[in-house]
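> In my numbering, the protein residues as written are 67 to 198. Pasting a structure here, questions to come.
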């Protein structure tokens, strides 16, 4: 339905955010959390490929649900501009994250909204015979 941009080997698309993990270590002295990478060098900790894939699948699933929600609201309130529906969706995601119900990072929220916007606005323009 959404035509997710997942590549053929089951990895997230290149534009899906993969951020370093920030660590907090107590004590008076400044500390830096590092781990060794495959080359033996020290680097900031990162999520495993399995965790990134799991986060992508959750985000992609939410995108599909939000596209359906957008279409339903657009049908219920046809006089509202698409941007109003999209802003309400964005605020809803931010509220769920702020309440601790969803665990998406800020970058993942932006990615989700970019995908929802891309799919919904492309669908809207094709419904009206327009092309981008």
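Here a beta-carbon is modelled for each residue, glycine too, at the ideal position from N, C-alpha and C.
Hey, is residue 81 close to the ligand NAP, as in C-beta under 6 angstroms from one of its heavy atoms?
For the structure depicted, the ligand NAP is absent and the ligand set is empty, with no information on it obtainable.
> List the endpoints of the continuous alpha helix (DSSP H) containing residue 142.
Counting from one through the chain shown, the residue named residue 142 turns up at place 76. Unbroken alpha helix (DSSP H) run through residue 142: 115-142.
> On the DSSP bridge assignment, give the partners of residue 101 in chain order.
Taking the chain shown and counting its residues from 1, one reaches residue 101 at position 35. Per DSSP, 109.
> Roughly how many whole angstroms lie between the Cα atoms of residue 77 and residue 120?
Working through the chain shown from its first residue, we reach residue 77 at position 11. Working through the chain shown from its first residue, we reach residue 120 at position 54. Near 10 angstroms, if we compare the C-alpha coordinates of residue 120 and residue 77.
> Nearest-angstrom Cα distance between residue 180 and residue 133?
Translated into positions along the chain shown, residue 180 becomes position 114. Translated into positions along the chain shown, residue 133 becomes position 67. Roughly 12 angstroms between the two C-alpha positions.
> Sorted by chain position, which residues of the same chain lie with C-beta nearer than 7 angstroms to residue 183's C-beta, five sequence neighbours on each side aside?
The count along the chain shown starts at 1 and reaches residue 183 at position 117. So the qualifying residues of the chain are 152.
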